[in-house]
Amino acid sequence: MIIQLCGLSGAGKTTIARSVKSKAATHGIPVEIIDGDDYRQVLCRDLGFSREDRCENIRRLGFVAGQLSKHGVVCIISAINPYDDVRKELADKYKRVCTVYVDCPLDVLQQRDTKGLYKRAGLPDGHPDKIYNLTGVNDPFEPPAHPELHLHTHTATVDDAAEEVVALIRRSMPLPEKKIMVITGMHRSGTSMLAQWLHKCGLHVGHEIIGPGTGNEDGHFEDRAFFDMHRAILAALQLPQDGMIGHPLPALTAAQVAEIKALLNDRQVQQRQWGWKEPRTCLFLPVYRQLLPENALYLVIWRDFHTVVSSLIRRLYLIDLSTALDKKGLSAFIWRKTGRRRHRKQLYKTYSEHFLKVWINYNRIILEHLQQLAPERFLVISHARLADYHEQVFEHLAQWGFCLKPYAFGEVFKKERLSPVRDIEPYILDRALLAEAHRLQEQLSALDQLSTSSQALR
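In the numbering used here, the protein residues as written are 1320 to 1777.
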């Protein structure tokens, strides 16, 4: 990626470029500054300040930037770059060129005049120190008509201006070609166990990983940044932040899509191989399909709807139980003796159909997403079969190109922790929901058998 930082002498181009380089480094983005003044002393020392020489100067700087950008470096050309046709020439010749206009009124520049250039340009004709070709005074400058970013440095601070440029870079730069694994699956489907195992195998699954909670004694192993971002977007859409949603999401705003892309960029530039697990990701899969590179891979884990709904209800029950056990006196005694069973049954009556709708929504989105992918880009495994097939899954990840170290799956798979499963069909009044759940479950099972066959793993 190339940034054309153009503007009059003294407008702040080099100062902003240096600040951008420092800030971008904190995001793992390599930046190289191609400063016009510096290159005038070396690569462009044979050039003067005629229109032809100024154009050739920019072409040479553009060539250097183009070579560096091929290797994943963001190049900032910090030069006056006064002519619109040459700026357009660079944008047409090289990939991903953005123009940033560093704008400052001439009277402010004349007051600053750190190099004394404007004073010399104002000297009488014939004076030995007079400059006759200072851009903006006695040589033309053509302001960009449609820059990607317009900075007003007489009002903005260097820090604020640099932040805007960094934001532009993060929005515009492509995701590098690295190994990405999206650990995909609905809540209570085994994604935490799978992410924990892969984390132990050496896959980077998050800078800050969410720890234990109700129903996840070893930890959720969710990337805090994805967790917070998804919840914030759902809140903005006025939808439940826990992701218990039984219908597709409405269209996201451009700002929300840009936020997702910026987070992907952060992760992608910092890690050679990485992945993340956050069940709400399923709701956003249509967006991720547009933002992730072609080599993104999906490890899908699924669980039958009876087990998922039972597990979700059990989690609600455990939360309520914890609250009830904190009570004192006769009410606590009665609840302990007779209330538990009634309460659990009431939870099934109240929530079974709702949670089934959520299961259908999540898995329908997953299946629709997989239909858009080449078969070699995803692997489907059921929670029930993972204990027996984890070695084959590990082999498949190696074939995908992930460099992981083996870790005993038995250390993360605790069979004794599996929740009891109840038949939820008696609690479902809408029989069409059950038919749809069975249909989706059959499709998942078919993909599961195909993906874990010996032929697929060979």
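C-beta: ideal position from N, C-alpha, C; glycine also.
Item	Value
Cβ-Cβ distance between residue 1622 and residue 1508 below 8 Å	yes
Which listed residue (1610, 1633 and 1600) has its alpha carbon closest to that of residue 1780	Here the chain covers residues 1320 to 1777 and nothing more, so residue 1780 does not appear.
Helix, strand or coil at residue 1465 according to DSSP, with G and I counted as helix	coil
Spatial neighbours of residue 1731 in its chain, beta-carbon cut-off 8 Å, leaving aside the 5 residues before and after	1512, 1515, 1516, 1519 and 1537
Close-in-space but distant-in-sequence residues of the same chain around residue 1617 (CB under 6 Å, 5 per side omitted)	1501, 1503 and 1697
Beta-bridge pairing of residue 1542 - partner residues as DSSP gives them	1528
Exposure of residue 1722, with buried meaning 16 or more beta-carbon neighbours within 10 Å	exposed
Every unbroken alpha helix (DSSP H) within the stretch 1357-1444, with a cutoff of 4 residues, ordered by chain	1370-1388, 1403-1412, 1425-1431 and 1436-1440
Straight-line gap, residue 1477 to residue 1671 (C-alpha atoms, nearest Å)	56 Å
Reduced DSSP category for residue 1501 - H, G, I as helix; E, B as strand; rest coil	strand
Reference residue 1337, options 1480, 1689 and 1412, closest by Cα	1480
Residues near residue 1588 in its chain [Cβ-Cβ closer than 7 Å; skip 5 each side]	1346, 1347, 1348 and 1495
Beta carbon of residue 1332 nearer than 8 Å to that of residue 1381	no
Inter-stretch contact (C-beta, 8 Å, three-pair minimum) for the stretch 1671-1690 and the stretch 1550-1569	yes
Cα-Cα separation between residue 1351 and residue 1392, rounded to whole angstroms	7 Å
8 Å contact criterion, which residue 1762 and residue 1692 should meet: CB distance rounded	Residue 1762 to residue 1692, Cβ: 15 Å. No contact.
Rounded C-alpha distance that separates residue 1368 from residue 1452	7 Å
Per DSSP, cross-strand counterpart(s) of residue 1639	The partner list for residue 1639 (beta bridge, DSSP) is empty, contrary to what the question assumes.
For residue 1596, the residue or residues it bridges with in DSSP	1502
Residue 1773 burial status per 10 Å Cβ neighbour count (16 or more: buried)	Note that residue 1773 scores a pLDDT of 37, beneath 50, so its modelled location is shaky and nothing firm can be said.
Simplified DSSP state of residue 1537, which is helix, strand or coil	coil
Neighbour-count burial assignment, residue 1527, 16 or more Cβ in a 10 Å radius	exposed
For residue 1713, the first and last residue of its enclosing alpha helix (DSSP H)	1702-1719
Straight-line gap, residue 1637 to residue 1669 (C-alpha atoms, nearest Å)	16 Å
Cβ neighbours of residue 1428 in the same chain (closer than 8 Å, five flanking residues each side left out)	1327, 1328, 1329, 1330, 1437 and 1455
Whether residue 1353 touches residue 1388 by CB criterion (8 Å)	no
For residue 1601, three-class secondary structure by DSSP	helix
Per-residue DSSP class, three states only, for residue 1454	strand
Nearest to residue 1632 (by Cα), restricted to the options 1704, 1556 and 1741	1741
DSSP state of residue 1619 mapped onto helix, strand, coil	strand
Length of the line joining the Cα atoms of residue 1489 and residue 1468	13 Å
8 Å CB neighbourhood of residue 1747 in its chain, flanking five on each side removed	1671, 1672, 1675 and 1753
Candidates 1395, 1688, 1553 and 1593: closest to residue 1325 by CA position	1395
Sequence-distant residues of the same chain with beta carbon closer than 6 Å to residue 1719, five excluded per side	1616
Sub-8 Å separation of residue 1591 and residue 1724 beta-carbons	no
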